[in-house]
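Input: a single structure, listed below in structure tokens.
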Amino acid sequence: ADLSTGHDEL
Amino acid sequence: DLSHLLAMFLLLVKIWRSKSCAGISGKSQILFALVFTTRYLDLFSNFISIYNTVMKVVFLLCAYVTVYMIYWKFRKTFDNENDTFRLEFLLVPVIGLSFLVNYSYTPTEVLWTFSIYLESVAILPQLFMISKTGEAETITTHYLFFLGLYRALYLANWIWRYQTENFYDQISVVSGVVQTIFYCDFFYLYVTK
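Top to bottom, those sequences are chains D and U. Following the numbering used here, the numbering of the first sequence begins with 1 at its first residue and continues without gaps. Following the numbering used here, the numbering of the second sequence begins with 1 at its first residue and continues without gaps.
Encoded structure:
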């Protein structure tokens, strides 16, 4: 997974 | 997230009802406001869900209202003399590390990484203040308990996400473990006393 974008956790 | 929200509400209600922020570290609260500010820069650019957006706004508001209460509205009750933790000891290593260990070398990503590293140590001025004065009001200990519990619960969430989605975020996980460890001594005292 591309971890560099779209952090979905608060 | 609800544990995190409850912690912030508890702190705000405590300050509001007692009209006092005695025993609360303003420095920790400034760091938390900085954490949310640098992490939620994607508020308008990266839509996850309505839940995610609403929670970000609520967290930001709580953080800034708390800082406003401590440094403005109830500043006469702020225990400035005992809030003596040197922030540069946290900020310098955290800034350095966020430039060295991140997922991509872009401004928003470095700031997101900074927010994760900073959050893991942001409570230290508060814990330092309590150890210095040797006292904490009951409601303050409830606040700390739920604030620590939130990150401990995230550890379980990350294990779950790894098992079910094969998703993991090393920066969050390592920082989350560090953050939780800082609360362990407090958890022990909270449960036993």
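Glycine residues also receive a C-beta, built at the ideal position from the N, C-alpha and C atoms. All values derive from a computational prediction rather than experimental measurement.
Answer with yes or no whether the minimum CB distance from residue i to chain D is below 8 Å.
i        : result
U:Trp112 : yes
U:Lys27  : no
U:Ile48  : yes
U:Met55  : yes
U:Phe99  : no
U:Ser172 : yes
U:Asn52  : yes
Can you give the Cα-Cα distance for residue i and residue j, rounded to whole angstroms?
i        : j        : result
U:Gln29  : U:Ala63  : 7 Å
U:Tyr111 : U:Pro93  : Rather than Tyr, the amino acid found at residue 111 of chain U in this sequence is Leu. C-alpha separation (whole angstroms): 14 Å.
U:Val57  : U:Asn46  : 14 Å
U:Asn157 : U:Cys184 : 19 Å
U:Gln163 : U:Leu118 : 27 Å
D:Ala1   : U:Val173 : Its pLDDT being 40, under 50, D:Ala1 is placed unreliably in this model, and the value from its coordinates should be taken loosely. For D:Ala1 and U:Val173, the distance between alpha carbons rounds to 16 Å.
U:Met129 : U:Lys27  : 10 Å
U:Asn166 : U:Ile159 : 9 Å
U:Tyr190 : U:Thr141 : 7 Å
U:Met8   : U:Thr53  : 17 Å
U:Arg161 : U:Glu81  : 44 Å
U:Tyr51  : U:Phe182 : 29 Å
U:Ile139 : U:Leu10  : 7 Å
U:Arg39  : U:Trp16  : 27 Å
U:Val121 : U:Leu41  : 20 Å
U:Ser104 : D:Glu9   : 18 Å
U:Leu61  : U:Tyr68  : 10 Å
U:Leu6   : U:Lys193 : 21 Å
List the whole-angstrom C-beta distance separating residue i from residue j, where the pair is believed to meet the contact cut-off of C-beta under 8 Å.
i        : j        : result
U:Thr113 : U:Arg151 : At roughly 17 Å, the Cβ-Cβ gap does not stay under 8 Å, so U:Thr113 and U:Arg151 are not in contact.
U:Gly23  : U:Glu137 : 6 Å
U:Ser3   : U:Leu149 : 5 Å
U:Tyr143 : U:Gly176 : Rounded, the Cβ-Cβ distance is 19 Å, inconsistent with contact.
U:Leu127 : U:Leu90  : Incorrect: roughly 12 Å between the Cβ atoms, too far for contact.
U:Phe85  : U:Cys21  : Rounded, the Cβ-Cβ distance is 16 Å, inconsistent with contact.
So which residues on chain D does residue i lean against when the C-beta distance must stay under 9 Å?
i       : result
U:Phe32 : The contacting residues do not exist; U:Phe32 stays about 13 Å from chain D at best.
So residue i contacts chain D; which residues on that side make the cut at Cβ distance below 8 Å?
i      : result
U:Asp1 : Leu10
Margin query: Tell me which residues of the region 57-71 of chain U have at least one Cβ-Cβ distance to chain D shorter than 9 Å, keeping chain order.
Written below: Flagged, chain order: Phe59.
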